[in-house]
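Novice: I have a structure I would like to understand better, so I am pasting it below and will then ask my questions one at a time.
Numbering (this note's numbering), first residue to last: 5 to 199.
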């Protein structure tokens with residue numbers, strides 16, 4: 005008797021069962037982008053840190069090379085030292101950025117909104133640093149090659165063209181993932197999945 009509908013109530017006023025709550029298939033599905041990007045962040049960061057450590061020790065070996073060479077053009081050793089310094093600084097910055105990316109990746113795997121913030125910070129710094137370090141390295145490399153190829157201007161010119169192509173393509177390749185990260189992680193559908 006207690007389940008009988010009162011004659012004073014209308015169908016509209018009767019509480020309706022929440023089918024969306026009872027049926028998980030009707031509930032909004034969380035985006036898989038944070039999880040995928042989190043995994044990619046961690047993998048790429050780990051590889052980047054390993055490569056940066058390798059580059060650090062390679063630069064250390066380069067410091068020993070000029071000592072046994074006496075017929076290098078004047079000013080070459082100074083440019084080489086500058087190039088090695090660039091390598092040290094670049095490796096250090098990449099290790100720091102790699103650690104930041106790993107932290108961002110872990111937070112994305114936990115669907116935390118802070119993962120997006122850290123990813124955005126990493127992406128912006130990574131793009132700016134890529135443009136800066138590749139540009140500085142390009143200028144230094146061209147000067148070194150000009151000194152070595154002073155007696156062969158045609159070859160020096162060809163190398164300069166090759167370096168320019170390498171400069172542009174290098175910047176584009178390095179910036180692809182940061183740009184994708186900025187685009188994918190800042191979609192409204194992705195942000196709604198985070199807490």
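Yeah, the Cβ is synthetic: ideal placement off N, Cα and C, and Gly gets one too.
1. Going by CA-CA distance only, name the one from 48, 103, 59 and 118 that's closest to residue 197.
2. By Cβ distance, which residues of its chain are closer than 6 Å to residue 174, with the 5 residues on each side in sequence left out?
3. Quick check: what's the CA-CA separation for residue 97 versus residue 143?
4. Count the other C-beta atoms from every protein chain shown that fall within 10 angstroms of the C-beta of residue 49, then say buried if there are 16 or more, exposed otherwise.
5. With DSSP as the reference, label residue 181 as helix, strand or coil.
6. Should residue 62 and residue 99 be called a contact, given that it needs their Cβ atoms to be closer than 7 Å?
7. Do the CB positions of residue 148 and residue 83 come within less than 7 Å of each other?
8. Give me, in chain order, the residues of the same chain whose beta-carbon lies closer than 6 Å to that of residue 66; leave out the 5 immediate sequence neighbours on both sides.
9. What's the C-alpha gap between residue 93 and residue 171?
10. Smallest Cα separation from residue 132: which of 182, 162, 120 and 195?
11. Quick one: grab the DSSP three-state call for residue 67.
12. Among 114, 112 and 108, which has the Cα closest to the Cα of residue 126?
13. How many angstroms separate the CA atom of residue 110 from the CA atom of residue 134?
14. May I have the straight-line CA-CA distance separating residue 140 from residue 104, to the nearest angstrom?
Specialist: Once the coordinates are examined:
1. For residue 197, the nearest C-alpha among the options comes from 118.
2. Around residue 174: 138.
3. When only Cα atoms are considered, residue 97 and residue 143 end up about 20 Å apart.
4. Buried, by the Cβ-count rule.
5. Correct three-state label for residue 181: helix.
6. Taking 7 Å as the cut-off, the beta carbon of residue 62 is found no closer than this to the beta carbon of residue 99.
7. Against a cut-off of 7 Å, the Cβ pair of residue 83 and residue 148 comes out as a contact.
8. When the five nearest sequence neighbours on each side are left out, the beta carbons in the same chain lying within less than 6 Å of the beta carbon of residue 66 are those of 88, in order along the chain.
9. Cα to Cα, residue 93 sits roughly 18 Å from residue 171.
10. Ranked by how close their Cα comes to the Cα of residue 132, the residues 182, 162, 120 and 195 have 182 in first place.
11. Coil, per DSSP.
12. The residue among 114, 112 and 108 with its C-alpha nearest the C-alpha of residue 126 is 108.
13. Those two C-alpha atoms are separated by around 24 Å.
14. In this structure, the alpha-carbon of residue 140 lies about 24 Å from that of residue 104.
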